[in-house]
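Residue numbers (our numbering): 51 to 275.
Note that CB positions come from ideal geometry on N, CA and C, so glycine has one too.
Quick caveat, the model's predicted, so the values are computed rather than measured.
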């Protein structure tokens, strides 16, 4: 009896507080992206692992030998659930419900493209919305990603700033090539009932790319893109 009751209370919670659904979604999507990227990188399941203490920090770091870096996965989960979800939710509230925020809808099937600002769903309005999204949200999101994730790796503020300086522009160039197209397709060609899974799949692919970029050495960035 306790199981169904807990499940019912959980459904009520995520319905009443849409931000909770977003936090749960992104705390799963982001570590999944990291796991996929590590799999492509060549890491596999295994039992052997080496532990070492970082010389510049009292924190203990987990460094698997040929296996998945679970601390990296954990960092992606924390960042996705505790930072990306709340900030994206806040951005959505300000931007008159732009469709990137699908996980935060009280009713995903009621996702409305026809806002007061852009009443029609057309190619033109899709392009405009994609441009607004790319200019208003993406730069800050990328800067925060590289900076905060570097701090979570116990890097110094100076190292985090250097990470942003080296990787922001190459990543943003890719975003300019990808997300306007994705957003335009989502706004104009995808039926409303399918927009949630479509944008979620695209977000997962993008998270895999961010995981790849994050763990490139600085001297590897120029040749990677």
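Asked	Found
Cutoff 7 Å; reference residue 77; Cβ partners in own chain excluding five residues on either side	127, 130 and 131
Same chain only: Cβ atoms within 8 Å of residue 151, ignoring 5 sequence neighbours per side	Note on residue 151: pLDDT 40, under 50, position unreliable in the model; no value is reported.
Status (buried if at least 16 other CB within 10 Å, exposed otherwise) for residue 213	buried
Residue 177 vs residue 117 beta-carbon contact at 8 Å	no
In DSSP terms, what residue 117 is bridged to	94
Short Cβ contact (8 Å threshold) for residue 245 with residue 236	yes
Same chain, Cβ closer than 7 Å to residue 258, five either side skipped, listed in chain order	83, 86 and 87
Any alpha helix (DSSP H) of 4 or more consecutive residues that is wholly inside the stretch 175-230	188-202
C-alpha distance - residue 66 paired with residue 270, whole-angstrom precision	46 Å
Alpha-carbon spacing of residue 274 relative to residue 123, whole angstroms	22 Å
Residue 138 (DSSP reduced to helix, strand or coil)	helix
Where the alpha helix (DSSP H) through residue 268 begins and ends	268-274
Residue 255 versus residue 193: straight-line alpha-carbon distance, rounded	19 Å
Cβ separation of residue 184 and residue 251, assumed to be a contact under 8 Å, to the nearest whole Å	Between residue 251 and residue 184 the Cβ distance is about 19 Å, and since that is not below 8 Å, they are no contact.
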